[in-house]
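**Student:** Numbering-wise (the UniProt record's numbering), the sequence shown opens with residue 1 and increments by one.
The beta carbon of each residue, even a glycine, is placed where N, CA and C say it ideally should be.
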Amino acid sequence: MQKLQSQGVHHITLVGAGRQTSIDFWEGVLGMPFIFEQPNLDKASESHLYFDPGDGRLITVFTDEGRAPAKRRTPTDTGCVHHIAFAVSRVTFLQAVARLDERAIKHSGVKDRGFMDSIYFEDPLGLLIELASYRFEPPAGFTHADVLMEAHGLRVARGDYNIAEVHLADAIQALVERSRATLSDDRAPKNPY
Numbered sequence: 001m002q003k004l005q006s007q008g009v010h011h012i013t014l015v016g017a018g019r020q021t022s023i024d025f026w027e028g029v030l031g032m033p034f035i036f037e038q039p040n041l042d043k044a045s046e047s048h049l050y051f052d053p054g055d056g057r058l059i060t061v062f063t064d065e066g067r068a069p070a071k072r073r074t075p076t077d078t079g080c081v082h083h084i085a086f087a088v089s090r091v092t093f094l095q096a097v098a099r100l101d102e103r104a105i106k107h108s109g110v111k112d113r114g115f116m117d118s119i120y121f122e123d124p125l126g127l128l129i130e131l132a133s134y135r136f137e138p139p140a141g142f143t144h145a146d147v148l149m150e151a152h153g154l155r156v157a158r159g160d161y162n163i164a165e166v167h168l169a170d171a172i173q174a175l176v177e178r179s180r181a182t183l184s185d186d187r188a189p190k191n192p193y
């Protein structure tokens, strides 16, 4: 028996209302370029809109002009999607509260997640959206997931409740030390003053 090895998220498809609601939200609020549209090949009465969330992958929406936006939170029952998180740069994150407020979009305010900061709000159809900004950059050749896995190991070994900035800093140092050679005999911290 062999695995079906995943190599990343290809796309996420949502059920939308009218076409313009999706364009106004995904491109007009979140800045995702609207890159193409075609019929839903499984249901001719629907259109299929494609947006680029910033990494070349896709967020797609099935739209139907006969559907109106629902003014309720989408279900969070077992098996349902709770929320979708999108990465934003620190400078964008620092503007998020003001930019949501200027549109009168109700939001959570900034939430401290230890290794990242988050803001939550609902799209016009009731889906919870998270804007997430990492507090760190991984060292060259590593991913955010590499740093988080290393930080998790440090957190567990130290008996700490959640990943915090100290775990991230120590994880980055450990990854660099394991992956980069040095001519020094001793890589321990020093105080040259």
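1) Going by DSSP, which residues form a beta bridge with residue 77?
2) Below 8 Å, can you find three or more Cβ-Cβ pairs linking the stretch 52 to 68 to the stretch 110 to 119?
3) I'd like the list of long-range same chain contacts for residue 59, defined as Cβ closer than 6 Å, with 5 residues on each side in sequence excluded.
4) If distances are taken between C-alpha atoms only, which option among 161, 107, 176 and 160 comes closest to residue 143?
5) What's the C-alpha gap between residue 172 and residue 134?
6) Who are the Cβ neighbours of residue 281 in its own chain at under 7 Å, not counting the five residues just before and after it?
7) On the criterion of 16 or more Cβ atoms from any shown chain inside 10 Å, does residue 32 qualify as buried, or is it exposed?
8) Could you have a look at residue 149 and say whether DSSP puts it in helix, strand or coil?
9) With distances taken from CA atoms, which of 179, 183, 178 and 149 is nearest residue 167?
10) For residue 56 and residue 14, I'd like the C-alpha separation in whole angstroms.
11) In three-state terms, what does DSSP make of residue 172?
12) Output the distance between the C-alpha atoms of residue 27 and residue 42, rounded to the nearest integer angstrom.
13) Compare the Cα-Cα distances from residue 47 to each of 18, 106 and 83 and report the closest residue.
14) Have a look at 98, 163 and 30 and flag the residue whose alpha-carbon is nearest the alpha-carbon of residue 124.
**Tutor:** So, from the listed chains and residues:
1) In the sequence shown, the residue the question calls residue 77 occupies position 77. Note: residue 77 sits in no beta bridge, so no partner.
2) no
3) As a first step, residue 59 is located in the sequence shown; it is residue number 59 there, counting from the start. For residue 59, where only same-chain residues beyond five positions count, the Cβ hits under 6 Å are 12, 51 and 53.
4) What you label residue 143 is simply residue 143 of the sequence shown in a count that begins at 1. Residue 176 is the option with its Cα nearest to residue 143.
5) For the purposes of this step, residue 172 is taken as residue 172 along the sequence shown, with counting starting at 1. For the purposes of this step, residue 134 is taken as residue 134 along the sequence shown, with counting starting at 1. The alpha-carbon atoms of residue 172 and residue 134 are separated by roughly 14 Å.
6) Residue 281 cannot be examined here, being either before or after the span of the chain that is shown, 1 to 193.
7) For this step, residue 32 is matched to residue 32 along the sequence shown. Classification for residue 32: buried.
8) By 1-based counting over the sequence shown, the position of residue 149 is 149. Helix.
9) The residue given as residue 167 occupies position 167 in the sequence shown. Checking every option, the nearest Cα to that of residue 167 belongs to 149.
10) Reading the sequence shown from its first residue, position 56 is the one you call residue 56. Reading the sequence shown from its first residue, position 14 is the one you call residue 14. About 18 Å.
11) On the sequence shown, position 172 is the one that residue 172 refers to. Of the three classes helix, strand and coil, the one that applies to residue 172 here is helix, per DSSP.
12) Numbered from its first residue, the sequence shown carries residue 27 at position 27. Numbered from its first residue, the sequence shown carries residue 42 at position 42. Residue 27 and residue 42: Cα-Cα distance of roughly 25 Å.
13) Here residue 47 corresponds to residue number 47 of the sequence shown, with the count starting at 1. Answer by Cα proximity: 18.
14) Residue 124 sits at position 124 when you count from the first residue of the sequence shown. Of the listed residues, the one whose Cα sits closest to residue 124 is 30.
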